[in-house]
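A quick write-up on the structure given underneath.
Number of protein chains: 4
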Amino acid sequence: MSMRKAENIDEVLLDLLCAKGQLVAESLRNSKISDVDINSKNKGPYTTETIKQVLQALSDEEFKNTEKMTKVYLHSRAFQEENSVIHVGNELIGKQQPQFIIGPCSVESHEQVYRVAEEMSKRGVSLLRGGAFKPRTSPYDFQGLGIEGLQILAEVARTYNMSVVTEIMSPESIAEAYDYVDVIQIGSRNMHNFDLLKTVGKLDKPVLLKRGLSATIHEFKMAAEYILNEGNKNVILCERGIRTYETATRNTFDISAIPILKQETHLPVFADISHAAGRKDILLPQAKAAFAAGADGIMAEVHPNPAVALSDAKQQMDLLEFAQFMDQLHHFLNRFFVSTSLK
Amino acid sequence: MSMRKAENIDEVLLDLLCAKGQLVAESLRNSKISDVDINSKNKGPYTTETIKQVLQALSDEEFKNTEKMTKVYLHSRAFQEENSVIHVGNELIGKQQPQFIIGPCSVESHEQVYRVAEEMSKRGVSLLRGGAFKPRTSPYDFQGLGIEGLQILAEVARTYNMSVVTEIMSPESIAEAYDYVDVIQIGSRNMHNFDLLKTVGKLDKPVLLKRGLSATIHEFKMAAEYILNEGNKNVILCERGIRTYETATRNTFDISAIPILKQETHLPVFADISHAAGRKDILLPQAKAAFAAGADGIMAEVHPNPAVALSDAKQQMDLLEFAQFMDQLHHFLNRFFVSTSLK
Amino acid sequence: MSMRKAENIDEVLLDLLCAKGQLVAESLRNSKISDVDINSKNKGPYTTETIKQVLQALSDEEFKNTEKMTKVYLHSRAFQEENSVIHVGNELIGKQQPQFIIGPCSVESHEQVYRVAEEMSKRGVSLLRGGAFKPRTSPYDFQGLGIEGLQILAEVARTYNMSVVTEIMSPESIAEAYDYVDVIQIGSRNMHNFDLLKTVGKLDKPVLLKRGLSATIHEFKMAAEYILNEGNKNVILCERGIRTYETATRNTFDISAIPILKQETHLPVFADISHAAGRKDILLPQAKAAFAAGADGIMAEVHPNPAVALSDAKQQMDLLEFAQFMDQLHHFLNRFFVSTSLK
Amino acid sequence: MSMRKAENIDEVLLDLLCAKGQLVAESLRNSKISDVDINSKNKGPYTTETIKQVLQALSDEEFKNTEKMTKVYLHSRAFQEENSVIHVGNELIGKQQPQFIIGPCSVESHEQVYRVAEEMSKRGVSLLRGGAFKPRTSPYDFQGLGIEGLQILAEVARTYNMSVVTEIMSPESIAEAYDYVDVIQIGSRNMHNFDLLKTVGKLDKPVLLKRGLSATIHEFKMAAEYILNEGNKNVILCERGIRTYETATRNTFDISAIPILKQETHLPVFADISHAAGRKDILLPQAKAAFAAGADGIMAEVHPNPAVALSDAKQQMDLLEFAQFMDQLHHFLNRFFVSTSLK
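Written out as structure tokens, the structure is:
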């Protein structure tokens, strides 16, 4: 190989990378170029480090190409262009109709859940949430009513023709909970509990996956991938705020995550505005913002008497606040949902 | 003083704190109760620590009451209930009409600013931003055109009957910049530059104050207080994202800050969506979310040819993208601004 | 009750809180003081809010006192003043002798573990770590050799008379892993996996509990409490860096957590310097700092050939680096461990 | 150019990058390879994107090489291999002798400073700190005694033959402060106040530069570069904790920053342990850790009566605590400073 003119050498390189790309790739795959080789040959101006990086980048790229051909991420728009629509009872989640998951933080009594459901029912909300198994920082805090809580949820849901959304914290609880639950929630603290993700990935029920306390968007998508990869295609993503230094809110609601997740995945995206804020005085603007940013639905906590709630007393709306919240939100949503979609 | 029945002691305490509150307050102010006093008297069950805290709390509260009577924060709704409305050229900022501050990150040339302003003009946007003094991490990075940049901004603004919004980084620059600038921007890195805050507090031009990189909402409000306290009442707050671990966006756009600032202050609140995201593919949903959450306006970066921009190339819209952005945003805003306000 | 002089009223209050504390406490417990009561009586200057807070604070304090008497946290120095010492093989963890947990990030082959153990053995290090079940962000990344990996660890440990420290990710894996493992590691991503914590709390093997990615020190202690509360007293805490905005290191090593945990708990505290840094060029100063701050031991990753490691290539020392690291660290430790303790 | 065997193509590429590197570099610099060129030639398997990136990387690298030759960062070890040693009074900072900067948070009175200095003097500490201009979140908080505070510091320093370290917050204050100050401190909130950095860069007094509240290590180094670039070579870096979600400490002390800064710069590195912790019960282990990690000195706050301090009451040691702190720290330092250096 001879290089007569400097002006041509970029063409040689270009030719190598373009026209002979396949040969370069095979050659790099089969050879072992050592530092010694490079050092002995290198006359500058590129550093040996740079040359190694270029060769490595080409080698990696070829590897990724191979990988990409066989393994596009299941959550990605590259894998599925159109939005996933998930059926829960009579609701279609992800089908450009704003959805609401409402209920108390913890199930405390039949009466408590009944009163919230009654109010939801009046407003056409049919996705009922409530915590029966509660992930609590302290082992001495109220841990939820367990299976009894699930029975209360199921009974109230049957009365009002609703669907039950509730958190399951371990693979072992799934068997006993299965019949009472319509959507299995994976909580923020369990987003990286890979065994649990794999277990719910084998079920035939939809999963609402919450973002981890300080998970990146990438990690969040990959947690969904664990579920999808086991066969369960019905995954709903739920942004719920991330942990930062700011103390005015319980978490920092990462509104940007909503459009990014909508762009990069085909999965429905919810926002849990109660946990994002940790205070109920800004729930309405947060809900509006979530829908304006492209969310498919929101999740919020309502309790007949928040002051005596066994958990999260400060962030739960009472029934009147909930009624006003829904009125004002519908007023907002009706304006721009008449003839157009959210996105 | 005798305590015959346990049932009555809460009334004695209540009586002390309520009916005799003024006496308690005076008494605490004049006395010095030492640990030794408490220890020697304390028969439980309250710890000496608790008792000290209660006495201290009452003492502090009384002090705060005194302070509150003379010094309510100037930024607070307690000081001024109605929204502050700030006049900039023909625009009224804070008067429930969505406002836009648009322009390139850095002023690079007359041609560059002229082309952006032309496009703004077509859409009725009259607040022109552009950086002449640039706060850059490295002293060797492009530091802005300085006074020449201001002259370009002012000239283009005159042509199109616009107002100039630009960052001033030091008290010294103000004199030379004064005549060219309509709104003085205090950048994120200078939110805690108290001398600069005091200096602009003495001017008769509006100030756009950006939230610090990792400032709490409380610190942000108090930075505004520094300006207001010097006499300048025309302060616009600007949320621009906070620094977190997330790398999908340049900063984490703290959408909750908008309703909190609107509730707690009477000042107009903007959102700088370009810096909050650091990527232009989610500007539209971010802008919608900002307005839905109650923002009075947004700030965004537009450049005729972002690829060659001297700073922030990735986050600036080109002219066509800007046109589409405004069309889609107006479509959204028109729906819910017809008969109602943002808030 | 009469209050003749303002100068005396603080003494009345003091007397109430000190000498009659028990009566106040009982009285508050039995009474229901409503807002109406306070409002009707309150003549200022304290706000009704303040008075309610004071009464509530006293009421809470009394409640806490009662609670404390029956339920002191098991991890606290209040529960156990002297340091817990945990026996693992021939090592005594927590007994003021610096300890080392060393090994590859992932178990890849018998040869790989064997070579690391050989080097450890020369330096008297007998706690062998290695990942057999790997928590990976992507389901397509190398997930560890599983039970085969545990068998390799156990076999090598037997050869060199070492103890095996390895991560277990789910209650189900424990049965099959039990015989191969001497210390069960709970990884950062599972610090809030409460079912797993409860399960290992019922075992008779020591548990090394890592701090969650962004767990507070309080949450970390309470996660340990979940284990202790089930009966397993052998818990080792392990600081491993927290997630922040800083990118120069993989995590931000929270050195302050070490003295705080040593003060507030009786449990041994380790520092995983490899995960804290994510880069091997600062392992030595980090190790020195950890011991200087009071750590009972450190954890670090060593691999015979880090460049080809299946995980965490950048942060693992090779055998020569490990040898130098130990030499320099011993040189440091010998100086101040001769006649005094770490703390 | 012909490629006969796949096995050889990596050698052709290697040869191009190594032996003909200079030609490649020149050629790339002079040519404009467009997307069209690449697309028309590209036969796979590399994407056009990858090929552009490789060419760009080589082009950038060549550019960086050129740039490096003319502009190595002044703070870097590449610019100056040996440690910078800074003379302050009789002290040599950066010369492997542990140094201490001690004093009250705020200067409050002559008596207050005098008593601290007296205690420092007994222990051979001669770098006296104290705040005269205080950066306070609220404009209504105590702002420092100003010039009067500086006079107190200077007078006490003269009495005890000490040097004064104090914060200056604006270019304007420098002239009046100049004669009273030996080391100018740039506070955390002003690390990004570029005008101030440039101003102190023109002085002939040493500068103690504190890391910003949430500045990256890179930004911290570049802030130092602003000072160095103006001619002032006497810059001391001071890690003081960064803002995180953790509330057990005021800031999170980023111990890893110390060895990283020592490796990457030739400047002395201090740790402000009082601000890093915000609580005085862990100052001793933090100081030990700082020195063990390679710090040249520490900074700590001492007040004769912290309970009545006008700022930062909780984090200041009283005189007795300071005496004990120094005794225990010297006991630690003497062990490993006898025959060896810190680093």
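Residue numbers (numbering that gives the first Met the number 0), protein chains in the order written: chain C, 0 to 342; chain U, 0 to 342; chain R, 0 to 342; chain Z, 0 to 342.
Using N, Cα and C, we set each Cβ at its ideal position, and we do this for glycine too.
This one's a predicted model, so the numbers in the text were calculated from it and none came from an experiment.
Quiz item: Using the beta-carbon count (16 or more within 10 Å), is H274(C) buried or exposed?
Solution: buried
Quiz prompt | Inter-stretch contact at 8 Å, needing at least 3 Cβ pairs: the region 286-294 of chain U / the region 110-124 of chain U | solution = no
Quiz item: Can you find a C-beta in chain Z that's less than 8 Å from the C-beta of E320(R)?
Solution: no
Self-check item: Beta-ladder partner(s) of R128(C), from DSSP
Solution: V164(C)
Quiz item: Quick check: the region 262-273 of chain U against the region 226-241 of chain U, are there 3 or more CB pairs under 8 Å?
Solution: yes
Quiz item: Taking just the CA atoms, how far does G143(R) sit from C104(R)?
Solution: 10 Å
Practice problem: To the nearest angstrom, report how far apart A276(Z) and L15(Z) are at their CA atoms. | Solution: 55 Å
Exercise. Would you check if there are 3 or more beta carbon pairs closer than 8 Å linking the region 156-172 of chain Z to the region 189-206 of chain Z?
Key: yes
Quiz item: Do V182(R) and V301(R) come within 8 Å of each other at the CB atom, strictly closer than that value?
Solution: no
Self-check item: Proximal residues to I297(R) (C-beta, below 7 Å), its chain only, five neighbours per side dropped
Solution: F99, F269, A270, I272, A286, A289
Quiz item: Using a C-beta to C-beta distance shorter than 7 Å, which residues of chain C count as neighbours of F193(R)?
Solution: P134, M168
Quiz prompt | For I185(U) and L196(U), believed in contact at Cβ under 8 Å, the rounded distance | solution = 7 Å
Quiz item: In its own chain, which residues sit with a C-beta less than 8 Å from the C-beta of G211(Z), not counting the 5 before and 5 after it?
Solution: S187, R188, M190, H191, E218, F219, A222
Practice problem: Can you have a look at Q111(R) and say buried or exposed, based on whether 16 or more other CB atoms are within 10 angstroms of its CB? | Solution: buried
Exercise. May I have the straight-line CA-CA distance separating F252(C) from S213(C), to the nearest angstrom?
Key: 11 Å
Quiz item: Got a sec: is the Cβ-Cβ distance from R347(Z) to anything in chain U below 8 Å?
Solution: With chain Z covering 0 to 342 only, the question about residue 347(Z) has no answer from this structure.
Quiz item: Are I254(Z) and E245(R) touching if we call contact CB-CB under 8 Å?
Solution: no
Quiz item: Counting contacts by CB-CB distance shorter than 8 Å, is E224(C) in contact with chain R?
Solution: yes
Practice problem: State yes or no: is the beta carbon of N233(Z) nearer than 8 Å to at least one beta carbon in chain U? | Solution: no
Exercise. With a 10 Å radius around its C-beta and 16 neighbouring C-beta atoms as the bar for buried, classify E107(R) as buried or exposed.
Key: buried
Practice problem: Compute the beta-carbon to beta-carbon distance between K127(C) and V155(C), rounded to the nearest angstrom, for a pair I have assumed lies under 8 Å. | Solution: Residue identity differs from the one stated: residue 127(C) is Leu in this sequence, not Lys. L127(C) to V155(C), Cβ: 7 Å. Contact.
Quiz prompt | Integer-rounded CB distance, given that H74(C) should sit under 8 Å from F229(C) | solution = Checking the displayed sequence, the identity of residue 229(C) turns out to be Glu instead of Phe. About 13 Å separates the two Cβ atoms, so there is no contact after all.
Practice problem: Starting from the beta carbon of K313(R), find every residue of chain U whose beta carbon is closer than 7 Å, and list them in chain order. | Solution: The contacting residues do not exist; K313(R) stays about 17 Å from chain U at best.
Quiz item: Roughly how many whole angstroms lie between the Cα atoms of K40(U) and P138(Z)?
Solution: 41 Å
Practice problem: Return the CA-CA distance between G347(R) and L207(R), expressed in angstroms with no decimal places. | Solution: Examination of residue 347(R) is not possible in this model, given that chain R is present from 0 through 342 alone.
Practice problem: Give a yes or no on whether the minimum CB-CB distance between R188(U) and chain Z is below 8 Å. | Solution: yes
Quiz item: Can you tell me the Cα-Cα spacing of R334(C) and V124(U), whole angstroms?
Solution: 24 Å
Quiz item: Just the Cα atoms here: how many angstroms apart are S162(U) and G93(U)?
Solution: 16 Å
Quiz item: Based on the DSSP secondary-structure assignment, which residues constitute the bridge partners of S75(R)?
Solution: T264(R)
Self-check item: Contacts that H293(C) makes with chain U (C-beta to C-beta distance below 7 Å)
Solution: Correcting the residue identity first, residue 293(C) is Gly in this sequence and not His. What G293(C) touches in chain U: P284.
Quiz item: Relative to the alpha-carbon of E263(R), which residue among T158(R), A77(R), Y159(R), F193(R) has its alpha-carbon at the smallest distance?
Solution: A77(R)
Quiz item: Going by C-alpha distance, which of L227(C), K133(C), E171(C) is nearest V71(C)?
Solution: L227(C)
Practice problem: For R157(R), count neighbouring C-beta atoms within 10 Å of its own C-beta (all shown protein chains included) and say buried if the count is 16 or more, exposed if not. | Solution: exposed
Exercise. Find the residues of chain R that neighbour S310(C), judging by a C-beta separation of less than 8 Å, and give them in chain order.
Key: The contacting residues do not exist; S310(C) stays about 15 Å from chain R at best.
Quiz item: Are any of the Cβ atoms in chain U nearer than 8 Å to that of K287(C)?
Solution: yes
Quiz prompt | Helix, strand or coil at L16(C) [DSSP, three-state] | solution = helix
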